[in-house]
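Step one of this worksheet: look at the structure below.
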Amino acid sequence: MSKFSNWIKITAFIFSFFIFSEFSANPVQENPAELEQILSEMSPEDQQQLQAELEKFRDQYLEEKRDAGFKLLETFEFLCEHLGQMINNNQIKNFDRENVLAHIKETRKTIHELKKNAKTAFDPYSIKILFDIIESYINHLRTLVKNSLKTVPELDLQGVIKRSIESEKFDPEELEKQVLRCQKNIESLERESQNVGRSLFNRAYCRIEKFCSDHHVFSRTGKALILALGGYWVLSRINNDTFESFGFNNVPGLNSLKESIGENPKLQITKIGEHKSIEVINQPNVTTAGWIEHSLGRGGLNLVDLTLPPLITWATLWGPLQNNWEAIKLWTQKKWSYLRGVLRGGPVENKTESWKKDPKQKFDDVIGQQAAKDAVVAIKDSVINEEACRRAGIKPAQGILFYGPPGTGKSMLAEALGTEFKNHVDKNINFLAICPADLEYLKALTGSPTGIGALFGLLIPDGITVLVLDEIDMIGLQRERDSKELSQLLTEMSGIMSANSSKHIIVIGITNRPENLDDALLRSGRFGKAIWFDYPSLQDRITYLTRELENRCIINIDSDYIEKLAKETERCTFEDLNKILTGALLKAKAHREALNENHLEEAFDEEIRRILFDDSSLPEEHKKMLAAHQAGHALAAMLLDKINKVTKVTIRAVSKKLQEESIYAKYSENGKSKEKTQANDPIELGKVFTEKPDNVRTLYTRDELINQIKINLAGHIAENILRSNAGNYHKEDKEKALAYARQIIFEGMDPNSLPKNIKNKRNHEAFVLMNKCEKEIETLLLQFKTELKEIADTLQEKLTLSYSELFAILNKSLENNEEKLKIEPVTAPAA
Numbered sequence: 031m032s033k034f035s036n037w038i039k040i041t042a043f044i045f046s047f048f049i050f051s052e053f054s055a056n057p058v059q060e061n062p063a064e065l066e067q068i069l070s071e072m073s074p075e076d077q078q079q080l081q082a083e084l085e086k087f088r089d090q091y092l093e094e095k096r097d098a099g100f101k102l103l104e105t106f107e108f109l110c111e112h113l114g115q116m117i118n119n120n121q122i123k124n125f126d127r128e129n130v131l132a133h134i135k136e137t138r139k140t141i142h143e144l145k146k147n148a149k150t151a152f153d154p155y156s157i158k159i160l161f162d163i164i165e166s167y168i169n170h171l172r173t174l175v176k177n178s179l180k181t182v183p184e185l186d187l188q189g190v191i192k193r194s195i196e197s198e199k200f201d202p203e204e205l206e207k208q209v210l211r212c213q214k215n216i217e218s219l220e221r222e223s224q225n226v227g228r229s230l231f232n233r234a235y236c237r238i239e240k241f242c243s244d245h246h247v248f249s250r251t252g253k254a255l256i257l258a259l260g261g262y263w264v265l266s267r268i269n270n271d272t273f274e275s276f277g278f279n280n281v282p283g284l285n286s287l288k289e290s291i292g293e294n295p296k297l298q299i300t301k302i303g304e305h306k307s308i309e310v311i312n313q314p315n316v317t318t319a320g321w322i323e324h325s326l327g328r329g330g331l332n333l334v335d336l337t338l339p340p341l342i343t344w345a346t347l348w349g350p351l352q353n354n355w356e357a358i359k360l361w362t363q364k365k366w367s368y369l370r371g372v373l374r375g376g377p378v379e380n381k382t383e384s385w386k387k388d389p390k391q392k393f394d395d396v397i398g399q400q401a402a403k404d405a406v407v408a409i410k411d412s413v414i415n416e417e418a419c420r421r422a423g424i425k426p427a428q429g430i431l432f433y434g435p436p437g438t439g440k441s442m443l444a445e446a447l448g449t450e451f452k453n454h455v456d457k458n459i460n461f462l463a464i465c466p467a468d469l470e471y472l473k474a475l476t477g478s479p480t481g482i483g484a485l486f487g488l489l490i491p492d493g494i495t496v497l498v499l500d501e502i503d504m505i506g507l508q509r510e511r512d513s514k515e516l517s518q519l520l521t522e523m524s525g526i527m528s529a530n531s532s533k534h535i536i537v538i539g540i541t542n543r544p545e546n547l548d549d550a551l552l553r554s555g556r557f558g559k560a561i562w563f564d565y566p567s568l569q570d571r572i573t574y575l576t577r578e579l580e581n582r583c584i585i586n587i588d589s590d591y592i593e594k595l596a597k598e599t600e601r602c603t604f605e606d607l608n609k610i611l612t613g614a615l616l617k618a619k620a621h622r623e624a625l626n627e628n629h630l631e632e633a634f635d636e637e638i639r640r641i642l643f644d645d646s647s648l649p650e651e652h653k654k655m656l657a658a659h660q661a662g663h664a665l666a667a668m669l670l671d672k673i674n675k676v677t678k679v680t681i682r683a684v685s686k687k688l689q690e691e692s693i694y695a696k697y698s699e700n701g702k703s704k705e706k707t708q709a710n711d712p713i714e715l716g717k718v719f720t721e722k723p724d725n726v727r728t729l730y731t732r733d734e735l736i737n738q739i740k741i742n743l744a745g746h747i748a749e750n751i752l753r754s755n756a757g758n759y760h761k762e763d764k765e766k767a768l769a770y771a772r773q774i775i776f777e778g779m780d781p782n783s784l785p786k787n788i789k790n791k792r793n794h795e796a797f798v799l800m801n802k803c804e805k806e807i808e809t810l811l812l813q814f815k816t817e818l819k820e821i822a823d824t825l826q827e828k829l830t831l832s833y834s835e836l837f838a839i840l841n842k843s844l845e846n847n848e849e850k851l852k853i854e855p856v857t858a859p860a861a
């Protein structure tokens, strides 16, 4: 019993002992004699156990405080990143942008290094110094935000650290207060950073606007007003006889409501000689509302039928109003957008019509596409050096077609051409960027029979005009769709070369589907100069990612990861890369974290790889089958594929990329029969993702094609090896393998162009080759059965494996069993 009592007393002394004995440079103990007596009565084993408990308690306490410090640093870094993004998005005005951005980046670098070094800090004084630094940084950034970034205060970090080191006493109670103070200050900093650069009036307006939007104030007020006016009109027109005929005379409260609304004045006009006498005979029943309606009626507006005086009717006003309605609406929207920007705070732009732009992009802003740049620069030089070209008899192309995949820089390069003219030509520059919707609006605005005719009427008489027709294939420039628009454009472009040397018009058509354009548009004198925009190269993707991360004030992404991400995004456009960055930023802001590599990887999986991270789980039996199947593909690809490198394998559902299909192909007889024979499943269960370490290759040797046959057949073989039965999952695997075999045997020839006996013979040889490859891959997978099973088991558990995880499984076996890879390649039979 005494031993148990001693343990209770010792527990009571633990915290004080922890504070004063472990942390204080000048230990002060309460009741030292009593504590000494208790310790002397304890056995050596109990004293060791007590010491272990004290050390465990100390470690837990320090770890808890260190984690709290890391969380504060993470939030602080997130706020710095968010502030930098606001600056780059031009949401703050009247401050030294370059100096502030450099200061924020330098602060983030210091915080990033501090987080790395603080991981090894596990003593009381290091924790104390850490929180002193955190508090000083938070107060420093709050000062910067409060003065709207106009002045950058100095931060004496060395002085903070020196004063913290010189303090010889560690007070846990003071540390607790400091932690709470830092948490409170970081919350205040987050609120203040949202309103940086905004006045008190701007903040009040934003709150009112948010309240009205959340509670639908304006829509509800409008509905209530309409109902009130409608009710007033109905009740003011119904007399007492009507009420009684419908049985409404006994409705509670209705009579009092009608009395409050009142009646209109009933006038009695009496002529006495040349004089008129006007008398209101129901004056006691007329209220203020009745007098107002009577006054409006005398002014020409009657609330009953809403008519105006005969000379000014609604039909007279509605015609001009209807013709100019779009212009009025556009003007109202522009003015409201400008006014709203002023009310919300921050810089605002006085926007013009959607097709009138002030070009700001430069050639240096367009990444890659050097061949397209050279062609556009040549056109620019021909216009600038017009006299030299004229004397040499050179007629520059004034119609250019940009075509290629979406998101490859076509519109940006067209805008860059307008910027170059604006900066290097002493003439009037007009830059117009038109989309199909703008043409419809111009047609309605001007009353022109064609949108093209209305568009060319906007061109300036003198100077240089760069006219960009975006999505030109959607305008209807085909004989079958809209021959009027096509004929008008052909006429305008034929007469575009003017004898007036002061007038130059360059028309740039942009399209992703050039096959939809009429052939007459592609002739010389129209869009005879066609420039192809290819997918960004590896170096282009690295440059784009680096630039965009820097523009978003993201500095903690390693350059090696940027290169890795660029390699894995082969045949991705700049638009696809922007999707990854946007998705990663949304994930980071949702977790209130600075953007890191995990956010980018998750966004890449969702946006580009299209992996569906849903909550629905597959049955375990299906997981085993999928894991075995995909493990076979992944293992075979890692062992045999010398072109593609496996980056990730998953058994999750993967969304297939939507393929564009023409209306003719969809609804023709061939399309219907194809739709009946092939199932159009929007997802596939599991997939192996690869990258090309070198540049994109479209040519394959015979051995490489044979390896592709083996890789496609490896899924079914792996199911046979691990499960002793092959399912019918991914039935197209054998079809793909057979297609590769036929490509080898037929040597690129069309089978339908060969005689029937030769065609049948070569089809048989393709089957023989595929069966031989099947035996070869089965032998290879049996040699690596242990690794195959480990990959399948791990895949079944984790659902997704990266290259590093796959390599970790294979690394040891490949080092110790290199002879397993020495397999004779399959040779195709002679043709």
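With my numbering, you'll find the sequence shown wraps up at 861, consecutive numbering, no jumps. Think of the CB as a built atom: it goes at the ideal place given N, C-alpha and C, for glycine as much as any other residue. Every value quoted in this text rests on a predicted model; they were computed, and no experiment measured them.
I need the DSSP call for residue i, collapsed to helix, strand or coil.
i, result
"residue 719", "strand"
"residue 683", "strand"
"residue 92", "helix"
"residue 400", "helix"
"residue 637", "helix"
"residue 552", "helix"
"residue 341", "Low confidence applies to residue 341: its pLDDT is 43, below 50, so where it sits in the model is not reliable enough to give any reading."
"residue 103", "helix"
"residue 841", "helix"
"residue 417", "helix"
"residue 608", "helix"
Which first and last residues belong to the beta strand (DSSP E) in which residue i is found?
i, result
"residue 832", "830–832"
"residue 125", "Residue 125 -> no beta strand (DSSP E), and no H or E assigned at all."
"residue 810", "No beta strand (DSSP E) holds residue 810; the alpha helix (DSSP H) holding it covers 786–813."
"residue 495", "493–499"
"residue 433", "429–433"
So is residue i buried or exposed if we call it buried at 16+ other beta carbons inside 10 Å?
i, result
"residue 557", "buried"
"residue 487", "exposed"
"residue 596", "buried"
"residue 158", "buried"
"residue 494", "buried"
"residue 362", "exposed"
Roughly how many angstroms separate the alpha carbons of residue i and residue j, rounded to a whole number?
i, j, result
"residue 408", "residue 459", "18 Å"
"residue 255", "residue 246", "14 Å"
"residue 669", "residue 567", "27 Å"
"residue 841", "residue 821", "12 Å"
"residue 671", "residue 573", "28 Å"
"residue 183", "residue 606", "40 Å"
"residue 90", "residue 210", "19 Å"
"residue 742", "residue 807", "10 Å"
"residue 484", "residue 229", "45 Å"
"residue 164", "residue 99", "8 Å"
"residue 578", "residue 612", "11 Å"
Do you know whose CA, among the options, lies nearest residue i's CA?
i, options, result
"residue 622", "541, 522, 102", "102"
"residue 541", "434, 610, 514, 781", "434"
"residue 518", "534, 671, 592, 480", "480"
"residue 763", "717, 405, 225", "717"
"residue 863", "82, 191, 747", "No statement about residue 863 is possible, as the shown extent of the chain runs from 31 to 861 and does not include it."
"residue 678", "719, 178, 613, 639", "719"
"residue 664", "581, 712, 818, 804", "818"
"residue 563", "537, 432, 160, 312", "432"
Between which two residues does the alpha helix (DSSP H) holding residue i run?
i, result
"residue 157", "154–176"
"residue 486", "481–486"
"residue 745", "732–753"
"residue 591", "589–598"
Quick one: does residue i have its CB under 8 Å from some CB of chain D?
i, result
"residue 240", "The structure shown contains no chain D, having only a single protein chain."
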